[in-house]
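*Asks:*
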Amino acid sequence: MKRLTAVVPCFNEEEVLPMFYEEIMNVAECLKNEVEFEVLFVNDGSTDGTLQEIRKLRERDKRVKLVSFSRNFGKEAAMYAGLEHSTGDFVAILDADLQHPPKMLIEMYHGIVLEGYDSVAAKRVTRDGEPKIRSFFSKKFYNILCKLSKIEIVEGSVDYRLMTRQMVKAVLSMSERNRFTKGIFGWVGFHTKWIAYENVERAAGQTKWSFWKLFKYSLEGIIGFSTAPLAISSILGLAFCGFSVLAIIYIVIKTIIWGDPTSGWPSLACIILMVGGIQLFCMGILGQYMGKTYIEVKNRPIYLASLVETEEEQDDRMSEANQKQDEMLPETISKATNKEIT
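Note that the UniProt record's numbering numbers the sequence shown so that position 194 is 194, with each residue one more than the last.
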C-alpha cells in the first residue's frame, strides 16, 4: 500500500497540537483502506512546549514523526526539511493552526489518484480572521508579483497542497537558500488542481506573522523570481537623467535669449538631490540582489536539525549498532580464546 506523509511546520503551537492531531487522524481513519498515513511534525525552534507535546503524540502513535530544529529557521526552512525527510508516495504540507482544514486532504488525495493530477492545492476565497489591511496588501502583492515575474501564482493560494513524489523531488532539486515556496511551486509547474475554501480563524494561539515579516516575505518573492526591479530602476535612471539634461538646456537658453539668469544654487541643489536620489534608489535595488547572491555563495545549510525521530533514522541507528557489534565480535572471541589457552 502506498504512503501519504503530512508535513506540519510548527512554531509555538503547543495549544493547538492536540486538536490538530485529532483532526488529522480522523482523515487517516477515512483513508485507511486506500493509503498508509504518517504525520511529520517539524518543530521550528519553538520556545514553548511544542516539542514536548509532539513527543507525547509520538509515544501514543508511531505514525507521528518528528524533526526538530536547533533554532528558529523560519517556515520556509521547515517546509523544506519536511519534504526532505518525507517518505510518502504523496506528500502534503499544511499548518497546525487548523486554518488549513485537514479534511480537505481526502478530496486532494482523490484528485491525484482518481483524476490524474500531480498536485492538488488550496486557495482561499475569503480571508475571515485576518486583518483587512493585511488582506489588502496581500492581494496587491500577488497582483504585482504575477505581472513582474514569469511564474503563475494563483490569487489566494496558500502553502496547503498535496503532491506526488515526482513533484516533491522537483521542489527539492531547487536548493536555493532564499526560498519562496509559492514561487517554487509555480516555477516547477506540473498539472495542478485548485480547491477553493473559506478561511477561518486560528483554533488556538496567535499568528506568528507580523506585518514586517510579511513585508520581508513579499520582498523575497519579488527579488527571488523577478529581475523587473532592475529594469525599472534603469528606466527611472534614464528618465531622471533626461529630465536633468532638459532642465539644464532650459536654464542655458533662458539665460542666453532672455538674459534672465537663474540663481545658481537652487537649480544646482535640485539637480543634485534628484540625481542623488535616483542613484540611492538604484543602489538599494542592486544591493538587494547582491545580498541574495552573497547568501547563496556562502552555501550555508537551509536548516540544522537537533533531533530527528523517524523510522528511517531508527533503522540507521540500529544498523550502525549492529555493525559495531559485528566489528567487536572477532575481538571478543579472540580475547576469550586467549584466556582459555592461558
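No residue lacks a Cβ here, since even glycine has one placed at the ideal position from N, Cα and C.
#1: Let's see if you can read the secondary structure: which residues bound the beta strand (DSSP E) around residue 43?
#2: In this structure, does DSSP put residue 175 in helix, strand or coil?
#3: I'd like the span of the alpha helix (DSSP H) that includes residue 106, first residue to last.
#4: What residue range is occupied by the uninterrupted alpha helix (DSSP H) comprising residue 28?
#5: What do you get for residue 196, buried or exposed, if any count of 16 or more other CB atoms within 10 angstroms of its CB means buried?
#6: Quick check on this structure: which residue in 66, 76, 50, 155 has the alpha carbon closest to the alpha carbon of residue 85?
#7: Go ahead and pull the three-state DSSP assignment for residue 310.
#8: Using a beta-carbon distance below 7 angstroms, is residue 109 in contact with chain D?
#9: To the nearest angstrom, how far is the alpha carbon of residue 232 from that of residue 238?
#10: Can you tell me whether residue 124 is helix, strand or coil according to DSSP?
#11: Tell me whether residue 198 is buried or exposed, calling it buried when 16 or more other Cβ atoms sit within 10 Å of its Cβ.
#12: According to the neighbour-count rule (16 or more other Cβ atoms, all chains shown, within 10 Å of its Cβ), is residue 48 buried or exposed?
#13: Could you tell me which of 177, 182, 113 sits nearest to residue 3, measuring between CA atoms?
#14: Within 10 angstroms of its Cβ, does residue 109 collect 16 or more other Cβ (buried), or is it exposed?
#15: Between the alpha carbons of residue 154 and residue 255, how many angstroms are there, rounded?
*Replies:* In brief:
#1: 36 to 43
#2: coil
#3: 104 to 113
#4: 17 to 30
#5: exposed
#6: 66
#7: coil
#8: Among the protein chains of the structure shown there is no chain D, as only one such chain exists.
#9: 10 angstroms
#10: strand
#11: exposed
#12: exposed
#13: 113
#14: buried
#15: 57 angstroms
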